[in-house]
Each structure stands twice: as structure tokens, then as C-alpha cells.
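Following: one structure in C-alpha cells, then a few remarks.
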Amino acid sequence: PTVVFSHPTIGTCGITEPQAVAKYGQDNVKVYTSKFANLFYGIFDMEPAQKPKTLMKVICVGLDEKVVGIHVLGMGADEMMQGFGVAMKMGCTKADLDSSVAIHPTASEELVTMGVWGTSPQESGAKVSPLNGAP
135 PTVVFSHPTI GTCGITEPQA VAKYGQDNVK VYTSKFANLF YGIFDMEPAQ KPKTLMKVIC
195 VGLDEKVVGI HVLGMGADEM MQGFGVAMKM GCTKADLDSS VAIHPTASEE LVTMGVWGTS
255 PQESGAKVSP LNGAP
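Quick note: the sequence shown uses the working numbering, first residue 135, plus one each step.
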């Protein structure tokens, strides 16, 4: 993982969408994106459009939707990239992210609730699948 300690922070792990398309072909790449106001700003008395936004992108490839890129721009990006970097190194799939319990209220919960839940192929990159519980 790589982090840029700017304002807002930037966190990135893996390859970009153009790199994934070049390597795997457009038809084999699926991208999930999200843009939202970080929950930190929920109590601030300001219009929702004025609240700083967090942007996230998860890049998946193949029928099993293996995660090959996670990119975050916004508050907390620096703190969340380490764990998602480990998950990617272990070969996580979109289904692995979907099967994770979202910790609320955090920005990182967006990465495990992105897209329509349960629509990705239910295949895990783990050696022992967490999708149906541990053996």
C-alpha cells in the first residue's frame, strides 16, 4: 500500500483501472465506486454539498472478482489501507469484502458494503472460505 499524507489523504493499493484494463481486458474488469461525505462531518452545521467528500474505488478482475486495486481519497485513507493491503495480498475477492462485518460508523465500512450486496460471485480468495463460516 501507498499513502500520501496530503489534505485530503490518499491511499492506494494494487493497480489502477487503466492498468487493469490493459492487463486483463475491459470485459474482465469490474469497478465499484463510491462518493460520500465522511461521517466525521455529520454533526457539522453545514449543507451536505459543502461537506468534504471521500472517494473510493475497488477494482476487480475475472469471474471470481479478485480484488486487484483499492483506492481511497479522503479522511481516514491512511489508516484503512494497511488492512486492505493485507487482504489483497491474501487474494481477497469482492465476495470476501461483502462477507465482512462493516464497522459503523467508519469510512472503511464503505469498502465492504460497496455495490449491491451479494451480487458478486460468492467465491473467496482465502484458503479456507469465510463466506459460510469457519470450519
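Just so you know, even glycine gets a beta-carbon here, dropped at the ideal spot from N, CA and C.
If only complete runs of 3 or more residues are kept, the stretch 174 to 239 shows the beta strand (DSSP E) at 187 to 195 and 200 to 207, in order along the chain. Of all C-beta pairs linking the stretch 143 to 162 to the stretch 226 to 235, fewer than three are shorter than 8 Å, placing the two stretches out of contact. With a contact defined as Cβ atoms closer than 8 Å, residue 210 and residue 241 qualify at about 4 Å.
About 19 Å separates the beta carbon of residue 142 from that of residue 219, a gap too long to meet the 8 Å contact definition.
The beta carbon of residue 139 sits closer than 8 Å to the beta carbons of 212 from its chain, once the five residues preceding and following it are set aside; these are given in chain order. Residue pairing from DSSP places residue 163 in a beta bridge opposite 195. DSSP places residue 168 in the strand class (E or B) of the three-state scheme. When the beta-carbon positions are compared, residue 255 and residue 198 come within less than 7 Å of each other.
In its chain, beyond the 5 residues on either side, 145, 146, 147, 215, 216, 218 and 219 have a beta carbon closer than 8 Å to the beta carbon of residue 135.
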